[in-house]
Structure formats: C-alpha cells, structure tokens
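One structure below.
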Amino acid sequence: MRIDCKHVWDYLSAYIDGDVDPDLRAQIDRHLETCEICSAVLDSTRNVVVLIADERVFELPAGFSKRLHERIDAMIDADSASG
Ligand SMILES: [Zn+2]
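The sequence shown begins at 499 in this note's numbering and counts up one residue at a time.
This is the structure:
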C-alpha cells in the first residue's frame, strides 16, 4: 500500500496524537522522510498543537483546518510551479 500527501494530511492530527495503527504510522513515517511538503506541514501543525497545549486551550480555532488546507494547497502550487 502506498499513501499520498492527501492521505497523510487526513491522518496528521491522529499521527501527532499517536492514534494511528503501527502499519499506517510506518507508512506515514516513510512518506515524511521523502516528502518535504508533508514534513513542513507536520512541523507547522506540531508547533500549533504545542502552543495550544501550552495555553491549555483544547479547541482549535474555527476555520483552522480550512486555513491549514489552503496553506497546503498554496505550498503545492509553489512546489509544482518551481518543479
Ligand atoms: Zn507528502
């Protein structure tokens, strides 16, 4: 089974929470090693999660996912434009 970027993003929050199957986790790990876009997305998502946890706020702001996806789309556009 081979996963793509959208697949990784679907499971990103579960992955950060350690809430994915070991098999799926291994697939995501492998993808992250070779995909700069997903590594960057993971980094920025983790930072947001850590900040939120530090402030003891457990609700994501409204529109967070939408904005994250817009950012991902913009990153992909930039990536495909340069490649
Ligand atoms: Zn990717």
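Yeah, the Cβ is synthetic: ideal placement off N, Cα and C, and Gly gets one too.
Treat the numbers as computed from the prediction; the structure is a model and nothing was measured.
Asked                                                                                          : Found
Put Y509 into one of helix, strand or coil per three-state DSSP.                               : coil
In terms of residues, what are the limits of the alpha helix (DSSP H) holding D527?            : P520 to T532
Hey, V539 and W507 are a contact pair by Cβ (cut 8 Å); roughly how many whole angstroms apart? : 7 Å
Less than 7 Å between the beta carbons of T543 and L510, yes or no?                            : yes
Quick one: what does DSSP say R569 is sitting in, helix, strand or coil?                       : helix
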